[in-house]
Amino acid sequence: MIAVVSPAKSLDYETPVPASSTPSVPRLAKEAHTLAEGAASLGAEKLGTLMHISPKLAELNAARFRDFAEAPERPAIHAFAGDVYTGFEVATLDAPAIDFAQDHLRILSGLYGLLRPLDAMRPYRLETGTRWAPGSAKTLYDWWQGRIAELLAEDVAAEGSGVVLNLASQEYWKAVAGKLPESIRVIDVDFRAPGPDGPRFLSFHAKRARGMMARWMCEHRITEVEAMRGFDSDGYRFDPQESSDTRWRFTRA
Numbered sequence: 166m167i168a169v170v171s172p173a174k175s176l177d178y179e180t181p182v183p184a185s186s187t188p189s190v191p192r193l194a195k196e197a198h199t200l201a202e203g204a205a206s207l208g209a210e211k212l213g214t215l216m217h218i219s220p221k222l223a224e225l226n227a228a229r230f231r232d233f234a235e236a237p238e239r240p241a242i243h244a245f246a247g248d249v250y251t252g253f254e255v256a257t258l259d260a261p262a263i264d265f266a267q268d269h270l271r272i273l274s275g276l277y278g279l280l281r282p283l284d285a286m287r288p289y290r291l292e293t294g295t296r297w298a299p300g301s302a303k304t305l306y307d308w309w310q311g312r313i314a315e316l317l318a319e320d321v322a323a324e325g326s327g328v329v330l331n332l333a334s335q336e337y338w339k340a341v342a343g344k345l346p347e348s349i350r351v352i353d354v355d356f357r358a359p360g361p362d363g364p365r366f367l368s369f370h371a372k373r374a375r376g377m378m379a380r381w382m383c384e385h386r387i388t389e390v391e392a393m394r395g396f397d398s399d400g401y402r403f404d405p406q407e408s409s410d411t412r413w414r415f416t417r418a
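With positions in the sequence shown counted from 1, the corresponding number in this note's numbering is that position plus 165.
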């Protein structure tokens with residue numbers, strides 16, 4: 166089984182990285198550099214418009230793309246710092262669990278395509294849903310075409326289970342949706358929290374739960390997807406009545 170998560174806008178390039186987290190090389194690094202060069206040519210104002218971000222953030226990201234080749238590198242699982250990664254809490258994972266993650270966890274990325282947890286990445290912000298791409302493509306989805314799905318399919322084949330546990334957002338999963346071989350079983354996971362009218366989707370809680378589930382998988386070295394129904398972090402429980410073979414719901418107590 167390979168679990169797939171989204172990246173994060175927030176980054177951490179300050180906290181020390183454990184010596185045991187030896188960086189690996191992103192498999193689509195060439196494509197990342199091509200995208201960074203194209204984004205660098207846009208300038209801060211255009212980036213701000215495309216990304217719907219403040220002038221200050223636009224300047225920051227324009228500088229990141231402009232200086233991309235010389236920027237510091239850091240293992241992706243230690244670099245992303247959003248809600249998913251708060252739930253994953255990599256700082257408290259032991260080295261064997263992180264090694265397991267390297268084989269069984271993947272991070273979708275607008276810039277790098279598909280990252281392994283220890284792949285060395287440079288700081289960036291480029292959502293897959295951005296309506297821009299170098300050349301004649303109009304969106305990043307068009308630019309990547311099937312390359313991300315092809316690499317994910319290769320990883321699933323190498324891992325051997327034939328199963329993908331989708332813990333990514335719809336925006337990022339769209340980069341591979343409908344492009345994986347039919348032989349690969351995809352299970353979408355839906356997290357719900359209690360509400361006045363019944364269980365409801367809350368983005369903040371769902372993001373953290375995705376990270377917690379990915380961590381739970383790595384902590385317990387789970388390779389058989391059916392065992393993931395036992396996930397119980399932070400009061401979540403599998404709801405068989407609201408689940409199907411391809412979509413599992415976990416509701417928080």
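A virtual CB, placed ideally from N, CA and C, is assigned to each residue, including glycine.
Where the beta strand (DSSP E) containing residue i begins and where it ends
{"i": "V170", "result": "I167 to V170"}
{"i": "L330", "result": "V328 to N331"}
Continuous alpha helix (DSSP H) stretch holding residue i: start and end
{"i": "L317", "result": "R312 to E324"}
{"i": "Y401", "result": "Run containing Y401: none in the alpha helix (DSSP H); it sits in the beta strand (DSSP E), Y401 to F403."}
{"i": "M393", "result": "Here M393 belongs to no alpha helix (DSSP H), and DSSP marks it neither H nor E."}
{"i": "G203", "result": "A194 to A205"}
{"i": "D307", "result": "L305 to W309"}
{"i": "W297", "result": "Taken as a continuous stretch (DSSP letters only), W297 belongs to no alpha helix (DSSP H), as it is neither H nor E."}
{"i": "E336", "result": "Q335 to W338"}
Reduced DSSP category for residue i - H, G, I as helix; E, B as strand; rest coil
{"i": "A285", "result": "strand"}
{"i": "S368", "result": "helix"}
{"i": "V249", "result": "helix"}
{"i": "A358", "result": "strand"}
{"i": "W413", "result": "strand"}
{"i": "I352", "result": "strand"}
{"i": "L222", "result": "helix"}
{"i": "L176", "result": "strand"}
{"i": "L258", "result": "coil"}
{"i": "K211", "result": "helix"}
{"i": "G376", "result": "helix"}
{"i": "R386", "result": "coil"}
Residue i versus residue j - alpha carbon distance
{"i": "V255", "j": "I167", "result": "18 Å"}
{"i": "S171", "j": "M286", "result": "15 Å"}
{"i": "V190", "j": "E324", "result": "19 Å"}
{"i": "R239", "j": "R414", "result": "34 Å"}
{"i": "P261", "j": "L207", "result": "42 Å"}
{"i": "T199", "j": "D353", "result": "31 Å"}
{"i": "A384", "j": "L258", "result": "The question names Ala, yet the displayed sequence has Glu at residue 384. Taking the straight line from one Cα to the other gives about 7 Å."}
{"i": "A322", "j": "A392", "result": "20 Å"}
{"i": "P364", "j": "K195", "result": "44 Å"}
Whole-Å CB distance - residue i paired with residue j, under 8 Å assumed
{"i": "G227", "j": "L212", "result": "In the sequence on display, residue 227 carries Ala and not Gly. Yes, they are in contact, since the Cβ atoms of A227 and L212 sit about 5 Å apart, within 8 Å."}
{"i": "L276", "j": "A197", "result": "5 Å"}
{"i": "M306", "j": "K339", "result": "Checking the displayed sequence, the identity of residue 306 turns out to be Tyr instead of Met. With 8 Å as the limit, Y306 and K339 qualify as a contact, their Cβ atoms being about 6 Å apart."}
{"i": "T121", "j": "R402", "result": "The structure shown does not extend to residue 121, since the chain spans only 166 to 418, so no value can be given for it."}
{"i": "Y337", "j": "L273", "result": "4 Å"}
{"i": "I107", "j": "G278", "result": "In the structure as shown, the chain begins at 166 and stops at 418. Residue 107 is therefore absent and cannot be evaluated."}
{"i": "Y178", "j": "A244", "result": "7 Å"}
{"i": "L373", "j": "D248", "result": "With the sequence shown as reference, residue 373 is identified as Arg, and Leu is not the correct amino acid for it. Sure, about 5 Å apart at Cβ, within 8 Å."}
{"i": "T295", "j": "L215", "result": "6 Å"}
{"i": "V390", "j": "V169", "result": "Actually they are not in contact, since the Cβ atoms of V390 and V169 sit about 13 Å apart, beyond 8 Å."}
Beta-ladder partner(s) of residue i, from DSSP
{"i": "P240", "result": "A285"}
{"i": "S189", "result": "D284"}
{"i": "G278", "result": "S274"}
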